[in-house]
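Report on the following structure.
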Amino acid sequence: MIQSLARKRTHLAALAALAGLVFALFAAMQSASAAPSGAITFSDSDATVPVGSEVTVHVEVTDPDADPGATVAWVRVSGTLKFLEDTESGAADLTANSGLAVTFVADTTPGKQVWGPYTLVIPDGTPEGKYTVSARVDLNGATAGGVTTVKKTITVGGAGDGLGSASLVVTDMDGKANASLSTAPASAGTIYLAVQALNSLGNKSNNGDVDQVIVYARGGTIAVAEVAAADLEGDDARVAASNPNAITIADARAAEGFSITASGSVAVSIDVRATLIGSDGAVDSNTVTIGFTGPANAISVGDPSGPLGQSDSTITFEVKASDSAGTGVVLAPHSISAVVKDRSGTDPNVGDLYQKDDDDRDGCKDVGEDDTDTGDCNEEDDARTTEVEDDFVEKKYDAKTVVVPVTTSEDNADAGEYTLVVTFGTTETEVTFNVAGPAADIDATTDAEGPVGIGQVIEVTATVTDADGIPVKNSVSDNPATTDVDESTGERVTFTAVGALQMRTIQNEITTTVNTKDGVAKARFVVTQGSGTATIIVSAGDASTFVSLSDASADPVEEVEEISAANCLSSTNAGPASWTCEGGSDASAIFPDLQSRGATALWLWNGSSWLRYSLRDGAEIPGSTDFMIQNRDNLWISY
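Last residue of the sequence shown: number 621 in the numbering used here, and the count goes up by one each step with no gaps.
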């Protein structure tokens, strides 16, 4: 269905205006002490014009004090450019220096003051190049020191075509680009877009460069909307239906805004594009894909925020919903339910569900607390952006994510694995989580490779688990903004450096205690002085371990020679061999290596006879002896 509507500011706009008023009041207070300023503006968007054209010029003064007011003495232009006489604006006749003498009474209007329009003529034959328009302005009226000359450059020549390309973007309802607003509910959602004409130089076109805009959106209902940035308004008289999937905007401007709503209530993806037509031809914009979401069709449950402690502990799960097309949609806490299977008594238990970023359930995104927290977001409770009382923005919570808290009470829950079941309609989704017991084991490692030196920073990582190998519960709060549950402290890890090679923390201490997250804690030490070896003792609860580091002065660890047939026999071939290692070995320890090479027996000369060791099917054969081999013993290998 095609509609040609001029978007009216209604309830939502009124609320937005109310919020804007607060900002405006603050801005007015801030600017009250700011100095007045002047500027020159042109009707041409990029101040680049062809020979033989005309440009409208205005002089603007921002005079917050508005007393005694500002005045403009003259407006001039360099070169052969001329101003036309304009008695309505108060300008006198053209002067010899291409300037206008302006005789205005001081303007004491608060805010921006504008003088003009003045018509600047670029005569035929004007050389191409840059020209300067200047104005003599008394910013403070009778106040001394307020006279200044403001200038702006205009380029003659090389203006290019007025219509060269077009850019289409998703915007908010006020015309400000915001790509994140490209989806909306099909049942009652609206998506806003704006198309901007660009000249062949890539700058914004002038309004006169565009005659028509055709918007295509198959599957959507299109309506013209104002573009706040361009100060344009929707106009029924300018809009006509081109076909069931498009509208044509006549008498178009360089920037046009429009809204699209879904034609039905099911999930749909719509490709939107625009064609702009002007005296320089026609151009197509880029294509923007927008989406309208249908009702929630399925949910997904995220991983737990961490292991759950046996008592007075809380973890959370995030639940999201999607429609039939797989697009994320709004999900309310009352739309789902959750329960823990195989509980020990009443623990673990599911708490009250809530929207993500709205832990205090006030309808606003939680960004920290302040002295004015009233529990009502419209009273500016927790959406403050600075310490200034009136400087705030209402930040909505994440409406597409529901948080499921799982807690344990004062009674110890059994350690082990549990299952959370989340029900949506007739569908159940299960996810497992662990209740962790006290620390029972610690594994510690460092990032040091080889000897360490003075000034080197060493990071020690400890992984703490319970008796079942489950990471201990977090001692870092998953949700600092939570106000209605007690975030208990879990296992903390203490790192202590001792030894002749001295190490200190960044705080110049030999000991530091660190919180765990998913069973992992990290500490950093600096090698400060001494030599030899440093030992870092790592402990949590009743579990402890250590890691040692040495500098280059420490005695190197002597490499232990591996006792094996390949390393200690002078030969592994058939025939005589001798034992070359200092350490001894039983025949049974080295024969499997020889047997894998095809040997059938290993013989030892004991000074009077040969002792034999041999196996068949893994067992010694009759007459075999498991003898001890020593350094320089004479041996014989049979194959």
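Built from N, CA and C at the ideal position, the CB exists for glycine as well. Predicted model, so just to flag it, every value in this text is computed and none were measured.
Consult DSSP for residue i and reduce its assignment to one of helix, strand or coil.
i	result
residue 418	strand
residue 497	strand
residue 616	strand
residue 102	strand
residue 569	helix
residue 577	helix
residue 182	coil
residue 535	coil
residue 147	strand
residue 79	Annotation note: pLDDT 44 at residue 79 (below 50); position unreliable, coordinate value reported separately. Reduced to three states, the DSSP call for residue 79 is coil.
residue 167	strand
residue 474	strand
residue 524	coil
residue 58	strand
residue 20	strand
residue 315	helix
residue 246	coil
residue 278	coil
residue 635	Nothing in the structure corresponds to residue 635, since the chain is present only between -17 and 621.
residue 202	strand
residue 220	helix
In angstroms with no decimal places, state the Cα-to-Cα distance between residue i and residue j.
i	j	result
residue 552	residue 532	37 Å
residue 626	residue 437	Summary: the structure shown does not reach residue 626, with the chain confined to residues -17 through 621, and so no result is reported for it.
residue 160	residue 520	50 Å
residue 240	residue 416	52 Å
residue 39	residue 246	49 Å
residue 11	residue 144	Interpretation of residue 11 is limited by its pLDDT of 44, a score under 50 that renders its predicted location unreliable; no figure is taken from the coordinates.
residue 503	residue 399	23 Å
residue 487	residue 454	24 Å
residue 424	residue 505	14 Å
residue 305	residue 320	20 Å
residue 389	residue 336	15 Å
residue 262	residue 150	19 Å
residue 129	residue 379	51 Å
residue 600	residue 294	58 Å
residue 440	residue 422	25 Å
residue 594	residue 556	15 Å
residue 568	residue 448	41 Å
residue 237	residue 187	9 Å
residue 353	residue 381	The predicted position of residue 353 is uncertain, since its pLDDT is 38 and thus under 50; no value can be drawn from it.
residue 621	residue 589	23 Å
Taking the Cβ atom as the reference point for each residue, do residue i and residue j lie within a distance shorter than 7 Å?
i	j	result
residue 33	residue 108	yes
residue 142	residue 183	yes
residue 203	residue 243	yes
residue 430	residue 289	no
residue 397	residue 330	no
residue 132	residue 201	no
residue 323	residue 401	yes
residue 36	residue 103	yes
residue 387	residue 298	yes
residue 509	residue 434	yes
residue 573	residue 518	no
residue 248	residue 276	yes
residue 512	residue 483	yes
residue 268	residue 28	no
residue 189	residue 146	no
Could you say which of the options lies nearest to residue i if we only look at CA atoms?
i	options	result
residue 614	565, 592, 94, 561	561
residue 163	503, 274, 529, 526	274
residue 339	332, 321, 385	385
residue 26	134, 409, 158, 582	134
residue 670	313, 178, 456, 270	Nothing about residue 670 can be reported from this structure: the residues present for the chain run from -17 to 621 only.
residue 524	420, 585, 610	420
residue 199	31, 189, 228, 172	228
residue 153	172, 57, 455, 140	172
residue 94	320, 52, 496, 529	52
residue 405	432, 314, 450	314
residue 485	473, 516, 456, 505	516
residue 258	192, 233, 250, 270	192
residue 591	616, 56, 570, 267	616
residue 475	446, 491, 492	446
residue 383	483, 296, 473, 278	278
residue 253	271, 307, 621	271
residue 169	61, 570, 250	250
residue 44	604, 121, 30	121
residue 136	64, 190, 155, 489	64
Cβ contact check for the region 281 to 299 and the region 165 to 175: 3 or more pairs under 8 Å
no
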